[in-house]
Amino acid sequence: MLINCAAYDNGSKIADISIEAISDYLKRPGCFVWVALKDASDDELTVMQEEFGLHDLAVEDARHGHQRPKIEEYGDQVFAVVHTVEMTPTDELRIGELNIFVGSNFVLSVRNRSQQTLLNVRERAEREPHLLKSGPAFVFYALMDAVVDRYFPFIDAIETDLEAIEEQIFEPGTSRANIQELYALKRKIGVMRHAVGPMIDAVHKLFSGRVPAVCATNREYFRDVFDHLQRMNGTLDSLRDTISTAIQVNLSMVAIEESEVNKRLAAWAGIFAVATAFAGIWGMNFKNMPELEWRYGYPTALVTIALACWILWRRFKRSGWL
Amino acid sequence: MLINCAAYDNGSKIADISIEAISDYLKRPGCFVWVALKDASDDELTVMQEEFGLHDLAVEDARHGHQRPKIEEYGDQVFAVVHTVEMTPTDELRIGELNIFVGSNFVLSVRNRSQQTLLNVRERAEREPHLLKSGPAFVFYALMDAVVDRYFPFIDAIETDLEAIEEQIFEPGTSRANIQELYALKRKIGVMRHAVGPMIDAVHKLFSGRVPAVCATNREYFRDVFDHLQRMNGTLDSLRDTISTAIQVNLSMVAIEESEVNKRLAAWAGIFAVATAFAGIWGMNFKNMPELEWRYGYPTALVTIALACWILWRRFKRSGWL
Amino acid sequence: MLINCAAYDNGSKIADISIEAISDYLKRPGCFVWVALKDASDDELTVMQEEFGLHDLAVEDARHGHQRPKIEEYGDQVFAVVHTVEMTPTDELRIGELNIFVGSNFVLSVRNRSQQTLLNVRERAEREPHLLKSGPAFVFYALMDAVVDRYFPFIDAIETDLEAIEEQIFEPGTSRANIQELYALKRKIGVMRHAVGPMIDAVHKLFSGRVPAVCATNREYFRDVFDHLQRMNGTLDSLRDTISTAIQVNLSMVAIEESEVNKRLAAWAGIFAVATAFAGIWGMNFKNMPELEWRYGYPTALVTIALACWILWRRFKRSGWL
Amino acid sequence: MLINCAAYDNGSKIADISIEAISDYLKRPGCFVWVALKDASDDELTVMQEEFGLHDLAVEDARHGHQRPKIEEYGDQVFAVVHTVEMTPTDELRIGELNIFVGSNFVLSVRNRSQQTLLNVRERAEREPHLLKSGPAFVFYALMDAVVDRYFPFIDAIETDLEAIEEQIFEPGTSRANIQELYALKRKIGVMRHAVGPMIDAVHKLFSGRVPAVCATNREYFRDVFDHLQRMNGTLDSLRDTISTAIQVNLSMVAIEESEVNKRLAAWAGIFAVATAFAGIWGMNFKNMPELEWRYGYPTALVTIALACWILWRRFKRSGWL
Amino acid sequence: MLINCAAYDNGSKIADISIEAISDYLKRPGCFVWVALKDASDDELTVMQEEFGLHDLAVEDARHGHQRPKIEEYGDQVFAVVHTVEMTPTDELRIGELNIFVGSNFVLSVRNRSQQTLLNVRERAEREPHLLKSGPAFVFYALMDAVVDRYFPFIDAIETDLEAIEEQIFEPGTSRANIQELYALKRKIGVMRHAVGPMIDAVHKLFSGRVPAVCATNREYFRDVFDHLQRMNGTLDSLRDTISTAIQVNLSMVAIEESEVNKRLAAWAGIFAVATAFAGIWGMNFKNMPELEWRYGYPTALVTIALACWILWRRFKRSGWL
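Protein sequence lines correspond, in order, to chains A, B, C, D and E.
Under our numbering, the first residue of the first sequence is numbered 837, with each subsequent residue one higher.
Under our numbering, the first residue of the second sequence is numbered 837, with each subsequent residue one higher.
Under our numbering, the first residue of the third sequence is numbered 837, with each subsequent residue one higher.
Under our numbering, the first residue of the fourth sequence is numbered 837, with each subsequent residue one higher.
Under our numbering, the first residue of the fifth sequence is numbered 837, with each subsequent residue one higher.
Structure follows, in structure tokens:
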């Protein structure tokens, strides 16, 4: 579905144009065309391929989707796949894709399986003609920057969730909930790493070493995106590490709690076993058991049993078993 | 066993030829020969070695099999070993090999211990003369691409299986089944990594840095294969990571379940121990136990015991042990 | 908030100057300006950007904060972000930032969310004119060195805490406290690694390979900072490794203690079960139980029971269960 | 101990020569000398050092042994240490060393602490004069290849053993044996990795980048050795990974089994506790317990007890505890 | 404290000289000075700095100590810090430092916090004038070699200790001792890795790539030190790996032992519970219990109980619980 198609010159929009007019504007020197598609159909992609002379393999990637994030050069064009991340209503992360084709005088963005509109990117760019003047490279940067910056809230949410778990991880009785939430967080981190990780290497090539010609004017901006990605990656790495430790700690807490339960069980079992053993002995049917005949035999027995239990109870209490 | 032997010129098949005729066609400028063998015998390999001037070590590798995936240059020829993956009836992954010899005017593929036919590669290539025109390099790409793309369903199957396990990992009583299935999945991932991992480095050399001359015209296509391999590798890495965590989580769940069982055991043991202790005391044979003579002594005793048990039961219930 | 603003020439301060005067002094050959801000407002940063011609992206980083440590070149200027580390009253580590802009004739430091004053750096530098003579590069070094050296006490504190835990890790009954403290230490190490790790790569670029022109005269000093960072990093790595092992060992200790408790429980349960079984048998109501009629039947029974218990007790004692 | 000493020219042995004659043959152009020693004495090594002009440090390494595998250049000579692996009668792996000195016109091999004869290498080489013609480089290759190829059976044996363990890892009651065997396998893998790992880097230098002059003619052969080493290394890596997982899985199985035992224990303990509690109640000595007087009181009681036990037993059975 | 100060020419000592005379000898062509200090005071270091023109930062490192091992170039001088390792009486490893300053015509060694004398290095060097002739580079090598070679016995001791633990790791009842010793070994390995690891990179620069001028003549000797360090590092790595596995295995053994104890406990508890239940039933006070009146009722009951116990016991025995 076509979202937008406009021609720009010297940093300002000169016209919203029709797809048929693209080739006319492409011929004008200093002018560039910026097209935005959403969930593009095969036909739309074929038209675009013809208009801009896109490479077969790049178009095929945009068509099939489910690519990993990457930035590839095809001749003097650049093709990028960036993951968009959204929260589903069931609190899971869903991955979509933004495919960006960049040439010396055009930018084509194809957004697939994503609800995130990028209209604000266009608006912001049109408000900054001194930057937009540098052409497709700036648009490319602005699109990537917008998508990448939207990762931050998801990573922040993971951090907040993890902190909440950390606060209850040493509380007794929470281990089952903790482990479930830690596992869910781990999966979210996996999704984010999948989006961030491959982009780091890809963006690095846009400002260091041999930079594609269409991106050469904006190195510092691409380095800024790189920097954001690195920061996210660092955070994700340490989140991942913390979750691993938290899972281990949770297991330790289960073991510690169980050990404490076991001690308490052992203690009470011991106390009742003593009572039962005493009662058993005085319940034997020997003829000649003088204490059974005593007047205060029974209360004495009860006191004896209670005393034995109390001594045991105190010892267990002191040694921390109860 | 010979599957196919044909000569191509300018992207079109000019003839199915006999093995004896190969050397004639090799002499024709612009013409190349594409031979496909399956489970080649020693004799067949020896004939091919003579026809195409293959290197001893490469032929020996094709003969012995059980190589790791690799791409090697011998002079101006390229020799590749790619793993084929198939599912056995017992749901295990079986590895076969596709050996590919590429020269400036020939491609020889030798498929060993694999049921996967590659006829469709030849058909597809013959339907695209504009691509086949670029010669052995394109055939080489098409063969690798076909084999590598067949890895995807196996990786998808592993992902699906893992998701199924994840759904029941927090269910009580499933830990034994989970751990068995996780272990089986881990092994499958190992097999796939073995096929994918070494190929990444190997294919990388086909489009970046000093590229072998016979492959130089198709860099973007080899990069596409590389990209697929990277994607698989990323997926396999995160699957492996998830399985490790799942094994840990499963162990935690076992410990948590056991801890809960222990608590319940402790609670019931305590309740019955109280009942038994009371009964034991009133079962003692002291002469002077006034309550035994009471008219309603017995029902009172029963009620007392029941009450004591109920109080305990309620406390355990409240503290979550029952 | 402006802390300080002074002009230097040939290693000595020539004047405390006002912000408006900066541009005058910048024009003087051989002279450089050193400005220090704290929690700079947007307006202050805008003024500084104009005075020194700072790059948009660098100023934006200084404004927003929460950057990871880094050193970036913008044209012939260098922009650095260094983490400051402070202890909160609740014994947690808090991260602030020192942003340093370095040009050929100025240094601008912007300290955000940090209580640590850097006045002593200025004092020390002014006391060493032979070093300060080398200009902004030396000031840059002195600032970084001051901030980095203040990491040491925090790392030492982590080491001391860890040693304290190690001393009690094999003591029974400490596992709950140990695991909590180990987890807290692990988090602190994470914070420190976050500050140290990215700086290592960044500082490396200041003395090796293509060094930014403004830093070229002080390579050995930057290498010294690098060396400190490496040392810290090595220590943090081994602390992290030790904590992982300590967590594992702590879990083992829990398991070992539980196993010992279980053995003891088993032993006492066995002893009492024997006593109860004997008492139960002599409590049966068979008519014809001759030993019940014996004169010394009862004491014999008591002795028998005691003897059986004592034999069991001795066996358990010997096998180490008690 | 001298095993062999012969001179070769143009791929054929020209004579078995005495040690004294070596220097004569070394002077002949196109001729090279191949000497094999076993557990060489200090004197023998000193003689060889003089004959071939070996470097002090290399000779010292050969003398002291216990080196890690390596390949070093001394001027225009190459010195290699390769580990030989043998099985001791107690099923442990024993490491020996093959030291190889290679010059432009000689090869000297010194085999220490190893029973493996290398005579077959010489025989095979002499049967292939077209290869032996390329001189010391081929002999060097042939020796390394022979030693490295003998690693395969040991790695295969580890694989077979691991598969045997994997088959019984989910069987109850095998965990103690499994863990012992896994640990023993882990150690064997350690030994093999020690032999294989350092060789990979070393051999890599013999065919890639700046290759020592004496090896330059045989690059493809050294790459073949490299390839074997890589394959082994890949296998060892995945074996190591599998063993780690297997150890974890084994621990899980212990925990699962214990949990099942605990449940069964809890179930039976509950059943008997019910029976005992009932019997205890009817064993109380209250005067007024009407059911005791009933004619069929006793059988009714027995049936009641049996019924209660059976109900419990069925519930436990259903919930999978029994 | 000054240990030694001597001038050498052409490989032989020409005089023990006073500190004041150093500058005289430094002027003589072909002559070099070798000074050894121990726990040098600030004054001594200041004098040396003046005599040899040492760099501020290097002297400061030597003064403060607690550096990580490193080799740094300051102009045409080289400054090295090497860790010395010693065993304390309490069987812990203690780290000291050897600081070595190397110039074209001098070597200065400053040994701090270490009891290890290096006099034998000087003696050995003086006995080998053909090596000492190559000047400060050889002395530098000899000092490093001496310190590094003294690491071997400590690593060997760790290996021996680990083997001792491995022999008892599968013995029941040793897990507490094992875990303590494994943890202690892990710490020792940490200390050794700290000494060895950073040296590897440092020494690598002395024989490969751009080598400092003063070391250029002795590359092969520095490579020999490198080789020793690599060997140690390999050993330490595999020790570390083995210890990790051993800790895991130890935990498994605790779990297995506990599981066996639990089974045995369950078995005996079951046997006694049966006996007690039977006795309880025959201890009930029903009027009409015919078997109580039988003549041989009691012995029959005893036999019945014994039989029931024996049947249970045999079943448990067979299933391996006892």
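Here a beta-carbon is modelled for each residue, glycine too, at the ideal position from N, C-alpha and C.
Test: residue i CB closer than 8 angstroms to a CB of chain A
i: G1119 (chain C); result: yes
i: V1090 (chain C); result: yes
i: G1170 (chain B); result: A query on residue 1170 (chain B) cannot be resolved here, the shown segment of chain B reaching from 837 to 1158 and no further.
i: Y987 (chain C); result: no
Residue i and residue j closer than 8 angstroms at C-beta
i: V938 (chain C); j: Y987 (chain C); result: no
i: R949 (chain C); j: P1034 (chain C); result: no
i: I1015 (chain D); j: I1083 (chain D); result: yes
i: K1099 (chain C); j: V1097 (chain E); result: yes
i: R958 (chain E); j: N840 (chain E); result: yes
i: D912 (chain C); j: A1049 (chain C); result: yes
i: G1133 (chain B); j: F1114 (chain D); result: no
i: L1042 (chain A); j: L1021 (chain A); result: no
i: R899 (chain B); j: D878 (chain B); result: yes
Residue i versus residue j: straight-line alpha-carbon distance, rounded
i: R960 (chain C); j: K969 (chain C); result: 13 angstroms
i: E1007 (chain B); j: R1012 (chain D); result: 28 angstroms
i: F1062 (chain E); j: A1038 (chain E); result: 9 angstroms
i: A867 (chain E); j: F974 (chain E); result: In the sequence under discussion, the amino acid at residue 867 (chain E) is Cys, which differs from the Ala named in the question. Taking the straight line joining both Cα atoms gives about 14 angstroms.
i: D1073 (chain C); j: H1030 (chain C); result: 12 angstroms
i: R1150 (chain E); j: Q1004 (chain D); result: 26 angstroms
i: A876 (chain E); j: S940 (chain E); result: 22 angstroms
i: N1069 (chain B); j: V1032 (chain B); result: 7 angstroms
i: I1036 (chain E); j: H1064 (chain E); result: 9 angstroms
i: A1172 (chain D); j: L954 (chain D); result: Look at the range of chain D in this structure, 837 to 1158, and you will see that residue 1172 (chain D) is not part of it.
Neighbour flag for residue i against chain C, beta carbons, 8 angstroms
i: R1067 (chain A); result: yes
i: L893 (chain E); result: yes
Nearest-angstrom Cβ-Cβ length linking residue i and residue j, presumed shorter than 8 angstroms
i: A851 (chain D); j: S945 (chain D); result: The Cβ separation is near 19 angstroms, so there is no contact.
i: K1024 (chain B); j: I994 (chain B); result: 6 angstroms
i: V943 (chain B); j: W870 (chain B); result: 5 angstroms
i: G1106 (chain D); j: L1148 (chain D); result: 6 angstroms
Residue i at chain E interface by Cβ criterion, 8 angstroms
i: W870 (chain D); result: no
i: M1086 (chain D); result: Note on residue identity: the sequence assigns Asn, not Met, to residue 1086 (chain D). For N1086 (chain D), the answer is yes, since a Cβ of chain E falls inside 8 angstroms of its Cβ.
i: L1101 (chain D); result: yes
i: G1026 (chain D); result: yes
is_contact[residue i, chain B] using C-beta, thresh 8 angstroms
i: S1011 (chain A); result: yes
i: W1157 (chain A); result: no
i: A1113 (chain D); result: yes
i: K1041 (chain D); result: no
Chain D contact for residue i (CB, 8 angstroms cutoff)
i: E1096 (chain B); result: no
i: A898 (chain E); result: no
i: F1062 (chain B); result: no
| 4-residue-minimum alpha helix (DSSP H) runs that sit fully inside the segment 938 to 981 of chain A, ordered along the chain | Qualifying alpha helix (DSSP H) stretches, in chain order: 955 to 963, 965 to 968.
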